[in-house]
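Participant:
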Amino acid sequence: MPPKSKADGAKKARAPAKRKLAEEFPPGEVLTDNAKKKWKLGSAVGQGGFGLLYLANEDSSGSVGADAPYVIKVEPSDNGPLFSELKFYMRAAKPSLIGAWMNSRKIDYLGVPKYWGSGFHEKGGKRYRFMVMDRFGVDLQKKFEENGKKFPRKLVLQLGLRLLDILEYIHDHEYVHADIKASNLLLSYTNPNQVYLVDYGLAYRYSPEGVPKEYKEDPKRCHDGTIEFTSIDAHKGVAPSRRGDLEIMGYCMIQWLCGRLPWEDKLQDPLYVRDSKLRCRDNIDELLKSCFPSENLPEEMKKFMQEVKALEYTDKPNYAKLRGILLQGLKTIGATDDRKLDFGVSANGTGPPSIKVRATFSRTLKRRGRTLLASHNAVCIWKVPPGSWPMPAEGYLPTAVIVCNYRANLFSSAGSGW
Numbered sequence: 001m002p003p004k005s006k007a008d009g010a011k012k013a014r015a016p017a018k019r020k021l022a023e024e025f026p027p028g029e030v031l032t033d034n035a036k037k038k039w040k041l042g043s044a045v046g047q048g049g050f051g052l053l054y055l056a057n058e059d060s061s062g063s064v065g066a067d068a069p070y071v072i073k074v075e076p077s078d079n080g081p082l083f084s085e086l087k088f089y090m091r092a093a094k095p096s097l098i099g100a101w102m103n104s105r106k107i108d109y110l111g112v113p114k115y116w117g118s119g120f121h122e123k124g125g126k127r128y129r130f131m132v133m134d135r136f137g138v139d140l141q142k143k144f145e146e147n148g149k150k151f152p153r154k155l156v157l158q159l160g161l162r163l164l165d166i167l168e169y170i171h172d173h174e175y176v177h178a179d180i181k182a183s184n185l186l187l188s189y190t191n192p193n194q195v196y197l198v199d200y201g202l203a204y205r206y207s208p209e210g211v212p213k214e215y216k217e218d219p220k221r222c223h224d225g226t227i228e229f230t231s232i233d234a235h236k237g238v239a240p241s242r243r244g245d246l247e248i249m250g251y252c253m254i255q256w257l258c259g260r261l262p263w264e265d266k267l268q269d270p271l272y273v274r275d276s277k278l279r280c281r282d283n284i285d286e287l288l289k290s291c292f293p294s295e296n297l298p299e300e301m302k303k304f305m306q307e308v309k310a311l312e313y314t315d316k317p318n319y320a321k322l323r324g325i326l327l328q329g330l331k332t333i334g335a336t337d338d339r340k341l342d343f344g345v346s347a348n349g350t351g352p353p354s355i356k357v358r359a360t361f362s363r364t365l366k367r368r369g370r371t372l373l374a375s376h377n378a379v380c381i382w383k384v385p386p387g388s389w390p391m392p393a394e395g396y397l398p399t400a401v402i403v404c405n406y407r408a409n410l411f412s413s414a415g416s417g418w
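Numbering follows the UniProt record's numbering, in which position 187 of the sequence shown is assigned residue number 187; successive positions increment by one, without gaps.
#1: Please state whether the Cβ-Cβ distance between residue 199 and residue 184 is less than 8 Å.
#2: So, for residue 74: in the same chain, excluding its five sequence neighbours on each side, which residues have a beta-carbon less than 6 Å away from its beta-carbon?
#3: Have a look at the DSSP bridge pairing and note the partners of residue 185.
#4: Is residue 233 buried or exposed, if buried means 16 or more other CB atoms sit within 10 Å of its CB?
#5: When we look at the beta-carbon of residue 125 and count the other beta-carbons within 10 Å, is it buried (16 or more) or exposed?
#6: CB-CB under 6 Å to residue 253, same chain, minus the five flanking residues each way: which ones, in chain order?
#7: Taking Cβ positions, are residue 204 and residue 169 nearer each other than 8 Å?
#8: Can you list, in chain order, the residues of its chain with a C-beta nearer than 8 Å to that of residue 325? Leave out the 5 residues immediately preceding and following it.
#9: Can you give the Cα-Cα distance for residue 343 and residue 123, rounded to whole angstroms?
#10: Compute the Euclidean distance between the alpha carbons of residue 242 and residue 85, then round it to the nearest angstrom.
#11: Is DSSP giving residue 255 helix, strand or coil here?
#12: Please work out which residues of its chain come closer than 6 Å, Cβ to Cβ, to residue 140, disregarding the five sequence neighbours upstream and downstream, and give them in chain order.
#13: Please go through the same chain and pick out, in chain order, the residues whose beta-carbon is closer than 6 Å to the beta-carbon of residue 65, but skip the five residues on each side of it.
#14: Looking at residue 117 and residue 138, is the spacing between their C-beta atoms short of 8 Å?
#15: Note down, in chain order, each residue of its chain lying with its Cβ closer than 6 Å to the Cβ of residue 222, except the 5 sequence neighbours on either side.
#16: Quick one: residues in its chain with C-beta nearer than 6 Å to the C-beta of residue 218, no 5 flanking neighbours on either side, listed in chain order?
#17: Excluding sequence positions up to five away, which residues of its chain have a Cβ less than 6 Å from the Cβ of residue 313?
#18: So, with DSSP's three-state summary, where would you put residue 116?
#19: Can the beta-carbon of residue 173 be found less than 8 Å from the beta-carbon of residue 239?
#20: Between residue 284 and residue 212, what straight-line distance do the alpha-carbon atoms span, to the nearest angstrom?
#21: Under DSSP, the alpha helix (DSSP H) around residue 144 begins and ends at which residues?
#22: Three-state secondary structure (DSSP) at residue 128?
#23: Using alpha carbons as the reference points, say which of 291, 158, 188 lies closest to residue 135.
#24: For the alpha helix (DSSP H) holding residue 54, just list the boundary residues, first then last.
#25: In terms of residue numbering, what span does the beta strand (DSSP E) encompassing residue 309 cover?
#26: Could you compute how far the alpha carbon of residue 337 sits from the alpha carbon of residue 318?
#27: What residues match up with residue 173 in a beta bridge as DSSP calls it?
#28: Please state the DSSP three-state secondary structure of residue 106.
#29: Under the DSSP definition of a beta bridge, which residues are partnered with residue 133?
#30: When burial is assigned at 16 or more other CB atoms within 10 Å of the CB, is residue 60 buried or exposed?
#31: With distances taken between CB atoms, is the gap from residue 113 to residue 206 smaller than 8 Å?
#32: Would the beta-carbon of residue 180 fall within 8 Å of that of residue 90?
#33: Does DSSP put residue 77 in a helix, a strand or coil?
#34: I'd like to know whether the C-beta atoms of residue 330 and residue 106 end up nearer to each other than 8 Å.
#35: Considering Cα atoms alone, identify which of 260, 275, 209 is closest to residue 151.
#36: Alpha carbon to alpha carbon, how far is residue 37 from residue 94?
This is how it looks when you write it as structure tokens:
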């Protein structure tokens, strides 16, 4: 089965060749879920796989406004993806289950979308399946691209901590996600400091009734998932597992930190990608050096990947130990988990500023009379005296390299610590 790649967009790795597309319903259409609760559709706001997404609210005499708190996903009833997703939501994402788990862990939120209802709807002689869920904001892939394909180190570690909460919860409820990536991580519609893992179309019940599935390679399932992030087990055709979720998470975090994984130049060759991951699993230092050739290696990522490597297929991960590794990473850069997601330059200088902020910094340097040491092929080297740049001493570079786009009058750092 062909793997998913960036070019595939929302297409699923297990999708059959032909599926029906959902027809668009007019605003005001009322759907009744299996619990006899009525929901009113607003305007269509997007397409997910082979279904349509609508703004929605509980049925009332008024119309559904632009600030509606819910969305409803609608697909033809004989399509598979929404049915697969529903199995996860109905078993593991009821608000009461999520609330109880949050209380037991003493956390203020959990990034698992809540299941609010589902059912069937008939129109024009056709039958449709639908599911009601929370409305979300922008996905992290858009934020990643807006940030020049790098996230601040503090942000990456905090996203990792939130993901560990999510994965521990779904693993405790017998499921693995199998497709963690930035485009499946959405910010809350109302709180930009909360992130949610969505799209459970590939979610797999790895331990039905508490009995873990055995390791078994199936050539027909090789390379399932999103090719650049999918686990080594998936490359071998093995069903998803808890260690696989953590491996995928590790690849995501490394990409967010450095901008690109070593095998991203040949994503159309799944065997090359698989073999590259195998080499990197056996030599984690090699993986990190290839991703961070001119920077201090993030020691926490080395420890995280070593912990994942040590897991057997059916092992339960030590989530507390993994959290400790990421928290130590925050301590290393002089930060704490303040539960605020800052996509710009952090106070400790550990992430790249946005384009707008870079331009502001470059103009500030000019106004303060910094010396331009060299200029060649649109690369400018600015002398930055010690103590004049907001970086920790550990990651300090006495010279910052700034790549200049003169036409747009914008600047981006090519040095570390930005």
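For glycine and all other residues, C-beta sits at the position ideal for the given N, C-alpha and C.
Facilitator: So, to answer that:
#1: Taking the sequence shown and counting its residues from 1, the one referred to as residue 199 is at position 199. Taking the sequence shown and counting its residues from 1, the one referred to as residue 184 is at position 184. Result yes, Cβ atoms of residue 199 and residue 184 sit closer than 8 Å.
#2: The residue you call residue 74 lines up with position 74 of the sequence shown. Once the five neighbours on either side are set aside, the close Cβ partners of residue 74 are 22, 51, 52, 128, 130.
#3: For the purposes of this step, residue 185 is taken as the residue at position 185 of the sequence shown. Answer is 197.
#4: Counting from one through the sequence shown, the residue named residue 233 turns up at place 233. When all chains shown are included, residue 233 counts as buried.
#5: On the sequence shown, residue 125 is found 125 positions in, with the first residue counted as 1. It is exposed - the Cβ of residue 125 has fewer than 16 other Cβ atoms within 10 Å.
#6: As a first step, residue 253 is located in the sequence shown; it is residue number 253 there, counting from the start. Counting only Cβ-Cβ distances below 6 Å, and skipping sequence neighbours, we find 156, 160.
#7: Mapped onto the sequence shown, residue 204 falls at position 204. Mapped onto the sequence shown, residue 169 falls at position 169. No, the Cβ-Cβ distance between residue 204 and residue 169 is not below 8 Å.
#8: In the sequence shown, residue 325 corresponds to position 325, counting from 1. Excluding positions up to five away in sequence, the list reads 300, 303, 304, 307.
#9: Stepping through the sequence shown from its first residue, residue 343 is reached at position 343. Stepping through the sequence shown from its first residue, residue 123 is reached at position 123. Going by the C-alpha atoms only, they are around 44 Å apart.
#10: Within the sequence shown, numbered from 1, the residue matching residue 242 stands at position 242. Within the sequence shown, numbered from 1, the residue matching residue 85 stands at position 85. Using only the alpha carbons, I get a separation of about 18 Å.
#11: Translated into positions along the sequence shown, residue 255 becomes position 255. In the structure shown, residue 255 sits in a helix (DSSP, three-state: H, G or I).
#12: Position 140 of the sequence shown, counted from the first residue, corresponds to residue 140. Cβ within range, chain order: 182, 185.
#13: By one-based count along the sequence shown, residue 65 stands at place 65. So the list is empty, once near-sequence residues are dropped.
#14: Within the sequence shown, residue 138 is the residue found at index 138, counting from 1. Within the sequence shown, residue 117 is the residue found at index 117, counting from 1. Result no, Cβ atoms of residue 138 and residue 117 do not sit closer than 8 Å.
#15: On the sequence shown, residue 222 is found 222 positions in, with the first residue counted as 1. So the qualifying residues of the chain are 237.
#16: Here residue 218 refers to the residue found at position 218 when the sequence shown is read from its first residue. Counting only Cβ-Cβ distances below 6 Å, and skipping sequence neighbours, we find 237.
#17: For this step, residue 313 is matched to residue 313 along the sequence shown. Hits under 6 Å: 215, 241.
#18: Sequence index remark: in the sequence shown, residue 116 carries index 116 (1-based). Here DSSP, grouped into helix, strand and coil, assigns residue 116 to strand.
#19: Working through the sequence shown from its first residue, we reach residue 173 at position 173. Working through the sequence shown from its first residue, we reach residue 239 at position 239. Their beta carbons are not under 8 Å apart, which means residue 173 does not touch residue 239 by this criterion.
#20: Walking along the sequence shown from the start, residue 284 turns up at place 284. Walking along the sequence shown from the start, residue 212 turns up at place 212. Cα to Cα, the separation comes out at about 28 Å.
#21: Counting from one through the sequence shown, the residue named residue 144 turns up at place 144. Residue 144 -> alpha helix (DSSP H) spans 140–146.
#22: The residue you call residue 128 lines up with position 128 of the sequence shown. Residue state, collapsed to three classes: strand.
#23: Here residue 135 corresponds to residue number 135 of the sequence shown, with the count starting at 1. Residue 135 has its Cα closest to that of 188, out of 291, 158, 188.
#24: Within the sequence shown, residue 54 is the residue found at index 54, counting from 1. Segment 51–58 is the beta strand (DSSP E) holding residue 54; no alpha helix (DSSP H) there.
#25: The sequence position of residue 309 within the sequence shown is 309, counting from 1. Residue 309 -> not in any beta strand (DSSP E); alpha helix (DSSP H) instead, spanning 299–309.
#26: Numbered from its first residue, the sequence shown carries residue 337 at position 337. Numbered from its first residue, the sequence shown carries residue 318 at position 318. So the two alpha carbons sit approximately 20 Å from each other.
#27: Counted from its first residue, the sequence shown places residue 173 at position 173. Paired residue(s): none; residue 173 is not in a bridge.
#28: Residue 106 sits at position 106 when you count from the first residue of the sequence shown. Residue 106 falls in the coil class under three-state DSSP.
#29: Here residue 133 refers to the residue found at position 133 when the sequence shown is read from its first residue. Answer is 71, 115, bridged to residue 133.
#30: Within the sequence shown, residue 60 is the residue found at index 60, counting from 1. It is exposed - the Cβ of residue 60 has fewer than 16 other Cβ atoms within 10 Å.
#31: Walking along the sequence shown from the start, residue 113 turns up at place 113. Walking along the sequence shown from the start, residue 206 turns up at place 206. No, the pair does not count as a contact, with Cβ atoms beyond the cut-off.
#32: As a first step, residue 180 must be located in the sequence shown, where it is residue number 180. As a first step, residue 90 must be located in the sequence shown, where it is residue number 90. Their beta carbons are not under 8 Å apart, which means residue 180 does not touch residue 90 by this criterion.
#33: Stepping through the sequence shown from its first residue, residue 77 is reached at position 77. Residue state, collapsed to three classes: coil.
#34: Stepping through the sequence shown from its first residue, residue 330 is reached at position 330. Stepping through the sequence shown from its first residue, residue 106 is reached at position 106. No, they are not a contact pair.
#35: Within the sequence shown, residue 151 is the residue found at index 151, counting from 1. If you compare the alpha carbons of 260, 275, 209 with that of residue 151, the shortest gap goes to 260.
#36: Taking the sequence shown and counting its residues from 1, one reaches residue 37 at position 37. Taking the sequence shown and counting its residues from 1, one reaches residue 94 at position 94. Distance between the alpha carbons of residue 37 and residue 94: 16 Å.
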